[in-house]
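*Asks:*
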DNA sequence: TTCACGTGTAAGGAAAAAATGACACGTGAA
DNA sequence: TTCACGTGTCATTTTTTCCTTACACGTGAA
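Residue numbers (the numbering used here), protein chains in the order written: chain A, 277 to 392; chain B, 277 to 392.
(1) Would a check of beta-carbon distances place residue 314/B closer than 8 Å to chain A?
(2) Does the segment 314-323 of chain A come close enough to the segment 303-319 of chain B that 3 or more CB-CB pairs lie under 8 Å?
(3) Whole angstroms is fine: what's the gap from residue 286/A's alpha carbon to residue 297/B's?
(4) Three-state secondary structure (DSSP) at residue 391/A?
(5) Thinking just about the alpha-carbon of each residue, which of 348/A, 347/A, 353/A, 308/A is nearest to the one in residue 360/A?
(6) Measuring straight from C-alpha to C-alpha, what distance separates residue 348/A and residue 376/A?
(7) Run through chain A and tell me which residues come within less than 8 Å of residue 331/B, C-beta to C-beta.
(8) Quick check: is the beta carbon of residue 365/B nearer than 8 Å to any beta carbon in chain A?
(9) Looking at the unbroken beta strand (DSSP E) that takes in residue 345/A, where does it start and where does it end?
(10) Would you verify that the beta carbon of residue 281/A is, or is not, closer than 8 Å to some beta carbon of chain B?
(11) If the cut-off is 9 Å on Cβ atoms, which residues from the segment 283-301 of chain B count as contacting chain A, listed in chain order?
(12) From the DSSP output, in three-state form, read off residue 313/A for me.
(13) At which residues does the alpha helix (DSSP H) containing residue 370/A begin and terminate?
(14) Could one say the Cβ of residue 307/B lies closer than 8 Å to chain A's Cβ atoms, at least one of them?
(15) Any idea what DSSP makes of residue 362/B, helix, strand or coil?
(16) Near residue 389/B, which residues of its chain fall below 6 Å by C-beta distance, leaving aside the five closest residues on each side in sequence?
(17) Quick one: does residue 377/A have its CB under 8 Å from some CB of chain B?
(18) Going straight from the alpha carbon of residue 282/B to that of residue 351/A, what length do you get?
(19) Which same chain residues end up closer than 6 Å to residue 378/A when comparing Cβ atoms and leaving out the 5 residues on each side of it in sequence?
(20) Buried or exposed, going by whether 16 or more other CB atoms sit within 10 Å of the CB of residue 392/A?
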């Protein structure tokens, strides 16, 4: 059971990628049909540079993929589409993923001991 | 079916709450047994003020709950435990949640139009 | 009283994320 | 050539998070 899921680090990256209104809307939009950057920017009402950053983040997390294509008019269009990710989050799933966390991120020392 | 899931805003909050190594480890730890703040801080190797902040964030997202109890020695102990949340994330689930997003967060105007 | 251990919060700085604006480059059509 | 539309990046500012330090309060035991 439990698809084994992503590693702890990957999970954090995916969650961080989804934990943003704009990126959530990007995923939602691409869930219906693939789209190219400029068009997507217009539909979402965000600037291209900003959209570009969000797209990179989503793609880095493996939630969307983009590829450059040439339109009939010879223009380079970058089309993005969603990958069919499937994250099932429960406390136990999190517990499992945490075992593969390589960024404990605190100083890794025993503890910051404060009162001694 | 599809539990109907949380609203878009709630989803963003939950995702943001989970998108952090420390908070993920908190959830993982509490998935096994409930625990009180100071003890949890020692186990995770983080300072109490820091843990406190993370706990608040998790509780605000509805992923954990805490209640103050009096120990036999009369000390006030705040015990936290995980709620049995169950988030199923797919592109279509995101698309559904986005419909209830109240923080489009961009200026809400049509678009920043840049070249015209 | 003092110490150990529990609770909590407020102030301030460092670091990361989000957002904007100004660029540069390429192509087809007027 | 110039315009419209596509691609991309870099530099900078604004905003959020994250984290530490320091403090305050309460109780039981030495």
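Just so you know, even glycine gets a beta-carbon here, dropped at the ideal spot from N, CA and C. In this text, all values refer to a predicted model and were calculated from it rather than measured experimentally.
*Replies:* Taking the geometry as given:
(1) The residue given as residue 314/B occupies position 38 in the second chain. No, residue 314/B does not count as interfacial toward chain A.
(2) Result no; under three Cβ-Cβ pairs closer than 8 Å.
(3) Within the first chain, numbered from 1, the residue matching residue 286/A stands at position 10. Within the second chain, numbered from 1, the residue matching residue 297/B stands at position 21. If you take the alpha carbons of residue 286/A and residue 297/B, they lie about 11 Å apart.
(4) As a working note, residue 391/A is residue 115 in the first chain. Caution is warranted here: a pLDDT of 38 is assigned to residue 391/A, below 50, making its placement in the model unreliable, and the coordinate value is therefore given only provisionally. If DSSP states are grouped into helix, strand and coil, residue 391/A belongs with coil.
(5) Here residue 360/A is taken as the residue at index 84 of the first chain, counted from 1. Cα-wise, what sits closest to residue 360/A is 308/A.
(6) For the purposes of this step, residue 348/A is identified with residue 72 of the first chain, where counting begins at 1. For the purposes of this step, residue 376/A is identified with residue 100 of the first chain, where counting begins at 1. Distance from the CA atom of residue 348/A to the CA atom of residue 376/A, rounded to whole angstroms, is 47 Å.
(7) Translated into the one-based positions of the second chain, residue 331/B becomes position 55. In chain order: nothing, as chain A lies at least about 15 Å away.
(8) Taking the second chain and counting its residues from 1, the one referred to as residue 365/B is at position 89. For residue 365/B, at least one C-beta of chain A is nearer than 8 Å to its own C-beta.
(9) To locate residue 345/A, count along the first chain from 1; it is residue 69. That run of the beta strand (DSSP E) goes 340-346.
(10) Residue mapping note: residue 281/A aligns to position 5 of the first chain, counting from 1. Answer no: the Cβ-Cβ gap between residue 281/A and chain B never drops below 8 Å.
(11) For the segment 283-301 of chain B, the residues whose beta carbon sits under 9 Å from a beta carbon of chain A are, in order, 284, 285, 287, 288, 289, 290, 291, 292, 293, 294, 295, 296, 297, 298, 300, 301.
(12) By 1-based counting over the first chain, the position of residue 313/A is 37. Reduced to three states, the DSSP call for residue 313/A is helix.
(13) Here residue 370/A is taken as the residue at index 94 of the first chain, counted from 1. Residue range 367-374 is occupied by the alpha helix (DSSP H) that includes residue 370/A.
(14) Stepping through the second chain from its first residue, residue 307/B is reached at position 31. Chain A contact via Cβ: present.
(15) Stepping through the second chain from its first residue, residue 362/B is reached at position 86. Note: residue 362/B maps to strand in three-state DSSP.
(16) As a position in the second chain, residue 389/B is number 113, starting the count at 1. With a pLDDT of only 39 at residue 389/B, under 50, the local geometry of the prediction cannot be trusted, and no value is derived from it.
(17) As a first step, residue 377/A must be located in the first chain, where it is residue number 101. For residue 377/A, the nearest beta carbon of chain B is closer than 8 Å to its own beta carbon.
(18) Here residue 282/B corresponds to residue number 6 of the second chain, with the count starting at 1. Here residue 351/A corresponds to residue number 75 of the first chain, with the count starting at 1. Straight-line Cα distance between these residues: approximately 41 Å.
(19) The residue you call residue 378/A lines up with position 102 of the first chain. So the qualifying residues of the chain are 285.
(20) Within the first chain, the letter at position 116 stands for residue 392/A. Below a pLDDT of 50, predicted positions are generally treated as unreliable, and residue 392/A, at 33, falls in that range; the measurement from the model is reported next regardless. Counting other Cβ atoms within 10 Å of its Cβ, residue 392/A stays below 16 and is therefore classed as exposed.
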